[in-house]
Amino acid sequence: MEHGLLISIIYAFISLSVATIWGLLLGGIMMKVVARAHGRFGPPFWQPIIDIIKNNARRTSISHGIMYFLGPVFRIAGGMGTFLFIPFIYGSMVFGNFSFAGDLFLVMYFIFFGQLGMALGAGESGHPYSAIGVARGLSQMTAFELPFALSIISIVIQYGTLNITSIVAAQQGGILHWTLFTNPLATIAALIALQGMNMHNPFSIVIAPQEIPIGPPTEYHSNFLGLLQTNRGLFNIAKLALFMNLYFGGATNLFSMLIKTFGIYMITVIVGASFPRFRTEQSIRFFLGVPTVIGILAVLVTGYF
Amino acid sequence: MENKDKMKLANDGLPEHEKPLFCDARPQTYKPLGKYVEKFLNWARANSLWILGYGTGCGAIELRPLMTARFDMFRWGLAPRPTPRQAGVFVIGGYMSVKTLKRVIRSYEQMQGPKFVIALGSCTINGGMYWDSYNTINRLDHYLPVDIYITGCMPRPEALIAGFNKLKAMIKAQQTDGQNEYARNFDWYKANQKKIVKDWNMPDYNW
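As you go down the protein sequences, you meet chains A and B in turn. Using the working numbering, read the first sequence as starting at 1 and increasing by one per residue. Using the working numbering, read the second sequence as starting at 1001 and increasing by one per residue.
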């Protein structure tokens, strides 16, 4: 895939736009499914896109300082950074994104990076609920990073590479080559960590509407909030694409990408519609318990057998 | 220079050492963008109404059923929002006492424009059954620009939904301009508000 810088930028832009729109629509579908589980009709599935247009169309916005301003920028930079180093569609010119030898580490770092930027920005807004939400979010994130990192270590041992594209390449050639079947323990640990990452029930302790009205973005409004919502779609799809690549054999065409990301997201949706919310300490204890043990087992099994 | 100072707010209610901490700028009026752009944006605004429900009185009890499976307001793009910063529609739920008026003004001014106000119940129109109470205001639109009144004591959730749909039609037809109206008649609204709220210990404009 040898092409110039300009072409790379255009391809990255197309890839980012498609991913963002698909991520937002997935969020809308989730709202619809949850509404059906409640016995309601729910909003139309394109509602997140209207919300973003509306928020960007607000006439006034106020800033609380430089970090407040940079918070959403860091957040979306984290989302874009995560997404652009994950092959969205394996072997595709446009959706292949960027790839280099150690990009798995970079992606793991970027997942953390956006949250830290947001924590600084929300901290400067000075709202008490922001501070509580940030504290909850960071502590939960530290907890679910553990099974996730163990799972990553396990599959890195298994495939002997830190390059996501190589990991996808090693899974080609049939459904039984997927990590899901060759390393089920790592997959289970990572999928449980994914529920925490997606922050829906029962792990929705950061934006817990009935406890701390909306958590970190309490003071964010207008186009700041529009940026955060755009990132919610993009970051969501980036995580799903990462899991699709690492555990479900990646995608070789647009259709299989749509099906697989939808399927992985539906796990979160079904878990979210079925369970009530954990308290903060329950959530942290949960992640440090069974999922971590499964993660350690996954590392041991791939290391010694 | 003199003119510039005139434009600033006095913030008389605040103690001297707190004055520099608050903003003294007046609200400004905003012109709509180009015809077709504004039409598109109004469509988006009408289809994504985020509600700040303020339970000032008994009428707020009729807001809750809207979220339930029976009435399901999410179908129309309505959603509750816990913070005034993000909300676009202020729903005043019934009679307003002198004490809550102060909080309502604060919340309204913190909302980002364009913002709309829906007033529930007869109490917000003429005081309703509290018209001669020592502790409630009678007519809400002397204090805030109200876009839609929903009559009744109390209005049923169906009436509320009809009110929201009327508001959506008005937004699409660009017939509501509460934010600019508030900015244009700012002094009149402030004078009315200060006549009611005696212990005015907050800035004159709480953006």
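For glycine and all other residues, C-beta sits at the position ideal for the given N, C-alpha and C.
With respect to the 8 angstroms criterion, B/Q1174 and B/N1047 are not classified as neighbours on the basis of their beta carbons. Of the candidates B/H1142, B/T1083, B/P1027, B/T1083 places its Cα closest to the Cα of A/P216. In the pairwise beta carbon analysis, the segment 257 to 270 of chain A is classified as touching the segment 235 to 246 of chain A: at least three pairs are separated by under 8 angstroms. Among the CB atoms of chain A, one or more fall inside 8 angstroms of the CB of B/A1069.
Taking 8 angstroms as the cut-off, the Cβ atoms of A/I237 and A/L104 do not count as close.
Rounded to whole angstroms, the gap between the alpha carbons of B/K1172 and B/Y1182 is 20 angstroms. Contacts with chain B at 8 angstroms (Cβ-Cβ) include A/H38.
Around A/R36, the same chain offers G42 as residues with beta carbons nearer than 7 angstroms, after the five sequence neighbours per side are excluded.
Excluding five sequence positions before and after A/P72, the CB atoms of its chain that fall closer than 6 angstroms to its own CB belong to F224, L227, L228, given in chain order.
Identification of chain B residues near A/L225 by a Cβ-Cβ cut-off of 7 angstroms yields Q1086, ordered along the chain.
Distance from the CA atom of B/R1081 to the CA atom of A/P209, rounded to whole angstroms, is 9 angstroms. Against chain B, the beta carbon of A/G42 has neighbours under 9 angstroms at D1072, F1074, R1075, listed in chain order. Straight-line spacing of the CA atoms in A/F69 and B/W1131 works out to 47 angstroms. Distance from A/A189 to A/P291 at the Cβ level is roughly 5 angstroms; contact confirmed, criterion being Cβ atoms closer than 8 angstroms.
By the neighbour-count definition (other C-beta atoms within 10 Å, threshold 16), B/D1072 is a buried residue. Shortest Cα-Cα distance from B/N1192 to any of B/W1076, B/N1180, B/D1177, B/N1138 involves B/N1138. Cα atoms of A/L106 and A/T20: separation of roughly 20 angstroms, rounded to the nearest angstrom. A Cβ-Cβ distance of about 18 angstroms is found for the pair B/V1089 and B/I1061, leaving them out of contact under the 8 angstroms criterion. Each of B/M1170, B/Y1108, B/G1163, B/K1168 was checked against the Cα of B/L1066, and the nearest Cα belongs to B/G1163. Using a Cβ-Cβ cut-off of 7 angstroms, A/D51 is close to S1048 of chain B, given in chain order. Pairing A/S8 with B/Y1205, the inter-Cα distance amounts to about 49 angstroms.
The three-state reading of DSSP puts B/P1084 in coil, since its state is none of H, G, I, E or B.
Neighbourhood of B/G1113 in chain A, by CB distance below 8 angstroms: R58, R59, T60, in chain order. Nearest CB-CB separation between A/H3 and chain B: not below the 8 angstroms threshold. For the 8 angstroms CB-CB criterion, A/K32 and A/F45 form a contact. If you ignore the 5 residues before and after B/W1207, its C-beta comes within less than 8 angstroms of the C-beta of C1023, A1025, P1027, E1109, Q1110, all in its own chain and listed in chain order.
For A/T218, the chain B residues whose C-beta falls within less than 9 angstroms of its own C-beta are P1082, T1083, R1085, Q1086, listed in chain order. With a cut-off of 8 angstroms on Cβ pairs, the segment 109 to 118 of chain A is not in contact with the segment 151 to 168 of chain A, counting fewer than three such pairs. DSSP places B/L1120 inside the beta strand (DSSP E), whose first and last residues are 1116 to 1120. Residue pairing by DSSP places A/V206 in no beta bridge whatsoever. At a Cβ-Cβ threshold of 8 angstroms, A/E124 and A/M67 count as neighbours. If you draw a straight line from the Cα of B/M1096 to the Cα of B/G1113, it comes to about 23 angstroms.
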